[in-house]
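Read through the structure below, which is laid out as structure tokens, and then see the notes.
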Amino acid sequence: MNLRPGARALALFLLSSAACGGPPTPSPVEGEPICPDFEVGATRSPMRGSLRFPVTLTVRDGEDPITRVTLTGRRSKDDPVSRVLLADEDAEYELEWAQCENERAPRARTLSRESRDAAEYACGNATVYKTDKLVTRKGDAASRTVRFAAPPKPECWESELPPAAPAPSPAAVAEPAADAGAEPAAADGGAVDAGAVDAGAADAGAADAGARGAGATPADAGVPRGAGAAPADAGAPRGAGAAPRDGGAGGAPKPPSAGAGDAGAPPQGS
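Here's what the structure looks like:
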């Protein structure tokens, strides 16, 4: 039966642990980075949080690899921690930490059937950045706890959204408000027409003044008078029985009295 290298190492580990003592037990990896879920694209598609470059942990017993696990980060502090299988026995292991050269493609928060059947992530050449020693004691679960070693590239995937539309400038907001308070153009035109009318009235007054200087009757003298109204230049009323200045003849001159016109003139024919 052909086995993958990882499965072959795990089978070897199970056989050796069965011969030496107790069965392997899940041992926690503490301090793994937390990469929260994020969103991408204009539709803000929800994606599962993970490291951009995953980390591999290889446990070796001497030169022989016992187990290997790929760590992609926890999505929240409430997510269960990652675990590795270690035998409950007195032993000393070498922990080899390496970071993958390939980015791990983001996955949708809700995994579809197609994504579950998709090809597994390929780490590529993993570069070892740290090695540790782990000493375990039989019956002591705490001694089998693994402490995560931070990688050179600890970045998580983050939201990549299109830039938001720029906000309108204050000047653009203030301009419509100023236009709303302005008076209509018709009102301005009316003001100009009123000035023109006033100017015409002033010219008419000047014309009346010229007409008066020429002896003409003022324009307001021609306004029709009411029935029985006294003329404007009649002056104070005269005593009872006094004859009007024009003798009541409607403005015609009075005939001269006999002898009155030539009283001081020499008699004719003398």
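Numbering-wise, the sequence shown is residues 744 to 1013 according to our numbering. The beta carbon of each residue, even a glycine, is placed where N, CA and C say it ideally should be. Keep in mind it's a predicted model, so treat the numbers as computed, not measured.
- A Cβ-Cβ separation of about 5 Å places valine 802 in contact with threonine 810 under the 8 Å criterion.
- The continuous beta strand (DSSP E) containing tyrosine 836 extends over residues 834 to 842.
- In the structure shown, proline 808 falls within a strand segment according to DSSP collapsed to helix, strand and coil.
- Boundaries of the beta strand (DSSP E) harbouring alanine 830: 826 to 830, taken from the DSSP string.
- Buried is the label assigned to glycine 792, since at least 16 other Cβ atoms lie within 10 Å of its Cβ.
- In terms of CA proximity to valine 878, Val889 leads the group Asp780, Thr815 and Val889.
- By the 16-neighbour rule on beta-carbons within 10 angstroms, valine 871 is exposed.
- For glutamate 863, there is no enclosing beta strand (DSSP E), as DSSP marks it with neither H nor E.
- Using a 10 angstroms sphere on the CB of arginine 787, the tally of other CB atoms stays under 16, which defines it as exposed.
- For secondary structure counted as the beta strand (DSSP E) over 3 or more consecutive residues, the segment 865 to 910 holds these complete runs in sequence order: 870 to 879.
- The continuous stretches of beta strand (DSSP E) do not include threonine 853, and DSSP gives it neither H nor E.
- One thing to note: glutamate 782 has its Cβ within 8 Å of the Cβ of serine 902.
- At a Cβ-Cβ threshold of 8 Å, methionine 790 and arginine 850 count as neighbours.
- A check of alpha carbon separations from threonine 813 across Ala830, Thr853, Cys843 and Asp875 identifies Cys843 as the nearest.
- The three-state secondary structure of proline 789, taken from DSSP, is strand.
- Distance from the CA of proline 906 to the CA of glycine 784, rounded to the nearest whole angstrom, comes to 10 Å.
- In the three-state reduction of the DSSP assignment, proline 771 falls in the strand class, which pools E and B.
- Around the beta carbon of leucine 829, a 10 Å sphere encloses 16 or more other beta carbons of the protein chains shown; the residue is thus reported as buried.
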